[in-house]
Amino acid sequence: MPGLYELKKNDSDQFSFALKAENGEVILRSELYETKPSAQNGIASVQKNSPSDERYERKTASDGRFYFTLKAANHQVIGTSPMYKSADARDTGIASVKAHGPSGTVQDGA
Numbered sequence: 001m002p003g004l005y006e007l008k009k010n011d012s013d014q015f016s017f018a019l020k021a022e023n024g025e026v027i028l029r030s031e032l033y034e035t036k037p038s039a040q041n042g043i044a045s046v047q048k049n050s051p052s053d054e055r056y057e058r059k060t061a062s063d064g065r066f067y068f069t070l071k072a073a074n075h076q077v078i079g080t081s082p083m084y085k086s087a088d089a090r091d092t093g094i095a096s097v098k099a100h101g102p103s104g105t106v107q108d109g110a
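Its first residue numbered 1, the sequence shown is counted upward by one per residue in full-length UniProt numbering.
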């Protein structure tokens, strides 16, 4: 199932991307990058690392909601999920990133 990576530039000339599922829901957001090539490298890293379960860190926020981060081989965070109400919903989010991340196409809005 292909996802869609939306690459954007903000008002401060920083770049970020979001991975969306086919229904348009954001399933992973990047950190901010100083350059467009760095953001593009981040997308490539998500495509490479998203199939591997060991790259996901399952977390609980201080308010009790659940989320996850996706990390590269060097342990750097390359994406963060939205907040979920349950651990099961978070795990479904991880499965969605695994399914959509590797084959996602890039929409360059930067």
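All C-beta atoms, glycine included, are put in the ideal place defined by N, C-alpha and C.
CB contact check: residue i to chain C, cutoff 7 Å
i	result
F17	This model lacks chain C altogether; it includes just one protein chain.
Residue i versus residue j: straight-line alpha-carbon distance, rounded
i	j	result
N10	K36	11 Å
A72	L28	14 Å
S96	S62	24 Å
S45	H100	14 Å
residue 134	T60	Missing from the structure shown is residue 134; the chain here goes from 1 to 110 and no further.
Whether residue i touches residue j by CB criterion (7 Å)
i	j	result
L7	V106	yes
R90	L70	no
S52	P102	no
Y5	G104	yes
residue 113	A21	Any answer about residue 113 is impossible in this case: the structure gives the chain only from 1 up to 110.
I94	G42	no
Cβ-Cβ separation, residue j to residue i (assumed contact under 8 Å), whole Å
i	j	result
M83	R58	Going by Cβ atoms, the distance from M83 to R58 rounds to 13 Å, so no, they are not a contact pair.
S86	F68	That belief does not hold up - the Cβ atoms of S86 and F68 are roughly 13 Å apart, past 8 Å.
Three-state class that DSSP yields for residue i in the structure shown
i	result
E54	helix
D88	helix
Q40	helix
Q76	coil
Q47	helix
A95	helix
Residue span of the beta strand (DSSP E) that contains residue i, given as start and end
i	result
L32	Note, L32: premise wrong, no beta strand (DSSP E); not H, not E.
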